[in-house]
Amino acid sequence: MKYTLLLAAFLLAYSLGYSQQEEGFKWWNPAQHEFPVLEGQAWPGELKGTYNRLPARAQQDVREAVWTKSQQSAGVLVRFLSDASSIHVRYKVKGAFAFEHMPATGVSGVDLYAINKKGQWEWTGANYTYGDTVRYYYDAIRKDGLREYHLYLPLYNKVEWLEIGVPENAVMKPLPLSKEKPIVVYGSSIAQGGCASRPGMAWTAILDRQLRKPVINLGFSSNGLLEKPLIDLMSEMDAALYVLDCMPNLSSYPGEEVSARLVASVKALRKVRPSIPVLVVENADGNIGMLDTLLDNSFKQVNKVASATFQQLKEEGIKNIYFLSAAEIGLDIDCTVDGQHPNDLGMKRYADAYEKCIRKIFKR
Numbered sequence: 023m024k025y026t027l028l029l030a031a032f033l034l035a036y037s038l039g040y041s042q043q044e045e046g047f048k049w050w051n052p053a054q055h056e057f058p059v060l061e062g063q064a065w066p067g068e069l070k071g072t073y074n075r076l077p078a079r080a081q082q083d084v085r086e087a088v089w090t091k092s093q094q095s096a097g098v099l100v101r102f103l104s105d106a107s108s109i110h111v112r113y114k115v116k117g118a119f120a121f122e123h124m125p126a127t128g129v130s131g132v133d134l135y136a137i138n139k140k141g142q143w144e145w146t147g148a149n150y151t152y153g154d155t156v157r158y159y160y161d162a163i164r165k166d167g168l169r170e171y172h173l174y175l176p177l178y179n180k181v182e183w184l185e186i187g188v189p190e191n192a193v194m195k196p197l198p199l200s201k202e203k204p205i206v207v208y209g210s211s212i213a214q215g216g217c218a219s220r221p222g223m224a225w226t227a228i229l230d231r232q233l234r235k236p237v238i239n240l241g242f243s244s245n246g247l248l249e250k251p252l253i254d255l256m257s258e259m260d261a262a263l264y265v266l267d268c269m270p271n272l273s274s275y276p277g278e279e280v281s282a283r284l285v286a287s288v289k290a291l292r293k294v295r296p297s298i299p300v301l302v303v304e305n306a307d308g309n310i311g312m313l314d315t316l317l318d319n320s321f322k323q324v325n326k327v328a329s330a331t332f333q334q335l336k337e338e339g340i341k342n343i344y345f346l347s348a349a350e351i352g353l354d355i356d357c358t359v360d361g362q363h364p365n366d367l368g369m370k371r372y373a374d375a376y377e378k379c380i381r382k383i384f385k386r
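Everything in the sequence shown is counted per this note's numbering, starting at 23 for the first residue and increasing by one.
Structure, rendered in structure tokens:
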């Protein structure tokens, strides 16, 4: 009885604490806004869930594992203007908060960046609690008038609902979607964001900030396999660039199969969108030089196939295709969590290599 009363008192105090922290705040739900505000998504009006990454009709075409991963909000972000000194975010997720090799802040957290008056990126940390409702408190934000904020959503969890709160007297102005053509990335768990410590440190998010271009994240953990349904969906998007970064998930496949899938994917994109460049990417882990010979050899082998297939496509006269090698990405033994998934240092190496390569492509 005593334990029950103590627990009830604790829960009441816990609830009152939240109420006090949120008192005097006005709340906004991006899902209910009058115009679309979620960057990093395609197929407006076709999504089964607000924060999904594939249209509802894709469920009948893609494998169940891909569909499940597509409900995770990797690469989705909200842009808004605010002059608030405090910004609070509350939301509910469906899956586990963390993985053995990736923290809750990356799997299930949000991440807030801003652009200052000089056009420079700024970042703020948060106090956060994980429970039935996840809460992030960005308090004591330096006053500097209106800023453009980018709130990155969880990399590996399904967001069921989300609200952003600011003080009643603060400005909160949602921004419409960018009109720029996106970079569309199809890849593995690495592209999805594993194992960044927080959503803004996924290489696709870093690239989005460094290039100031929208990125559509079609990374599906363990399921970036150059499959026709996904390639067909990619070709529906009028993109600035298509990226095929699936080699990490194809390292256990026979070389002939990898080559056939890569050829079919490039030619399918080229047939529908002949003017949009295609970037083929090696498995960056193949350049680390690990003591684990099984992993190291499989990574190197799939990269040999990717390189040879790319040359074959060039010799066949396929134009406007480009290649990013593992050596150019430049991961080393300090850049991964487990020999496969990049840590934050590895993610920055990825983003920098992509930026250098993509700027060259866009200058042509």
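Positions of the beta carbon are idealized from the N, C-alpha and C atoms, including for glycine.
Can you list, in chain order, the residues of its chain with a C-beta nearer than 6 Å to that of Lys322? Leave out the 5 residues immediately preceding and following it. Gly308
What would DSSP say about Phe57, mapped onto helix, strand or coil? coil
Start and end residues, beta strand (DSSP E) containing Lys195: Where Lys195 is concerned, the enclosing beta strand (DSSP E) stretches over 194-196.
Assuming Leu263 and Ile205 form a contact by the criterion Cβ under 8 Å, report the distance between their Cβ atoms to the nearest whole angstrom. 5 Å
Three CB pairs or more closer than 8 Å across the stretch 151-162 and the stretch 61-72: no
Based on the DSSP output, what are the partners of Ile205 in its beta bridges? Bridge partners of Ile205: Val237, Leu263.
Out of curiosity, what's the CA-to-CA distance linking Asn14 and Ile380? Past the edges of the chain, shown from 23 to 386, lies residue 14, and the structure says nothing about it.
If you run the structure through DSSP and keep just helix, strand and coil, what is Asn149? strand
Indicate the three-state DSSP secondary structure (helix, strand or coil) for Ala31 in the structure shown. Note that Ala31 scores a pLDDT of 43, beneath 50, so its modelled location is shaky and nothing firm can be said.
Whole-angstrom Cβ separation of Ala213 and Asn239, contact assumed at under 8 Å? 7 Å
Leu317 versus Arg234 - alpha carbon distance: Approximately 35 Å between the Cα atoms of the pair.
Quick check: what's the CA-CA separation for Ser244 versus Asn271? 6 Å
Whole-Å CB distance - Ala328 paired with Val294, under 8 Å assumed: Not confirmed; about 22 Å, so no contact.
Nearest-angstrom Cα distance between Lys289 and Ile298? 12 Å
Exposure of Gly128, with buried meaning 16 or more beta-carbon neighbours within 10 Å: buried
Who are Pro364's beta bridge partners in DSSP? Thr358
Using the beta-carbon count (16 or more within 10 Å), is Lys180 buried or exposed? buried
Residue from Ala120, Arg292, Asp356, Lys336 whose Cα sits closest to the Cα of Glu258: Arg292
Hey, which unbroken runs of the beta strand (DSSP E) at 3 residues or more fall wholly within the stretch 300-365? 300-303, 343-346
Would DSSP call Ala80 helix, strand or coil? helix
Under 7 Å Cβ to Cβ from Ala31, same chain only, skipping five residues before and after it: list those, please. Summary for Ala31: the model assigns pLDDT 43, below 50, so the residue's position carries little reliability, and this model does not support an answer.
Across the stretch 161-178 and the stretch 104-121, are there enough close Cβ pairs to call them in contact, namely three or more that are closer than 8 Å? Counting Cβ pairs under 8 Å, three or more are found: they touch.
Tell me which same chain residues have a C-beta within less than 6 Å of the C-beta of Gly352, skipping the five on either side of it? Excluding the 5 residues flanking it on each side, Gly352 has same chain C-beta neighbours closer than 6 Å at Arg371, in chain order.
What is the DSSP secondary structure of Leu284, counted as helix, strand or coil? helix
Among Leu367, Pro198, Asp374, His363, which has the Cα closest to the Cα of Glu122? His363
Name, in chain order, the residues that DSSP records as bridge partners for Val188. Its beta-bridge partners are Lys48.
Residue ranges of each beta strand (DSSP E) within the stretch 60-133, 3 or longer: 99-104, 109-115
Sheet register partners of Trp143 (DSSP bridge): Ile137
Label Thr315 either buried or exposed according to how many other C-beta atoms from any shown protein chain fall within 10 Å of its C-beta, with 16 as the threshold for buried. exposed
How about Lys91 and Phe242: are their beta carbons less than 7 Å apart? yes
Skipping 5 residues on each side, what residues in its chain have a beta carbon closer than 7 Å to that of Leu313? none
With a threshold of 16 other CB atoms inside 10 Å of the CB of Leu28, please say whether the residue is buried or exposed. Low confidence applies to Leu28: its pLDDT is 49, below 50, so where it sits in the model is not reliable, and the reading given next is rough at best. With fewer than 16 other Cβ atoms within 10 Å, it is exposed.
Counting only the same chain and skipping the five closest in sequence on each side, list residues whose C-beta sits under 8 Å from that of Thr151. For Thr151, same chain residues with a beta-carbon under 8 Å away, outside a window of 5 residues either side, are Arg157 in chain order.
The stretch 194-208 touching the stretch 94-102, judged by at least three CB pairs closer than 8 Å: yes
Coil, strand or helix - Glu170 by DSSP: strand
Return the Cβ separation of Pro394 and Trp65 in integer angstroms, given the expectation that the two are a contact with Cβ distance under 8 Å. This structure gives no information on residue 394, because the portion of the chain shown stretches from 23 to 386.
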